[in-house]
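Residue numbers (this note's numbering): 345 to 409.
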């Protein structure tokens, strides 16, 4: 699989933090997350120490409600 975009940073997941993780995005949809080597992509963005919240689309909504 070749993604459109790979985002690398600290992922905030339900299980806790995944440091130096990555999110693969294709056609505007998250298609994979991981901690090992990411798949190939047309674009790559390393967010450094920034937090990435995969799956939270609207920050104004409340999780669990």
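Built from N, CA and C at the ideal position, the CB exists for glycine as well.
Let me know if residue 347 comes out buried or exposed under the rule of 16 or more other beta-carbons within 10 Å of its beta-carbon.
-> Locating residue 347 in the chain shown gives position 3, counting from the first residue. Result: buried.
Rounded to a whole number of angstroms, what is the C-alpha to C-alpha distance between residue 385 and residue 376?
-> To locate residue 385, count along the chain shown from 1; it is residue 41. To locate residue 376, count along the chain shown from 1; it is residue 32. The alpha-carbon atoms of residue 385 and residue 376 are separated by roughly 12 Å.
So residue 397 is in the beta strand (DSSP E); what residue range does that whole segment cover?
-> Reading the chain shown from its first residue, position 53 is the one you call residue 397. Counting along the chain, residue 397 sits inside no beta strand (DSSP E), nor does DSSP assign it H or E at all.
Helix or strand or just coil, what does DSSP make of residue 358?
-> Within the chain shown, numbered from 1, the residue matching residue 358 stands at position 14. Three-state result, residue 358: coil.
Expected contact under 8 Å - CB spacing of residue 349 and residue 365 to nearest Å = As a first step, residue 349 is located in the chain shown; it is residue number 5 there, counting from the start. As a first step, residue 365 is located in the chain shown; it is residue number 21 there, counting from the start. Wrong, their Cβ atoms sit about 14 Å apart, outside the cutoff.
Enclosing beta strand (DSSP E) for residue 376 [first to last residue] = Numbered from its first residue, the chain shown carries residue 376 at position 32. From DSSP, the beta strand (DSSP E) with residue 376 extends over 373-378.
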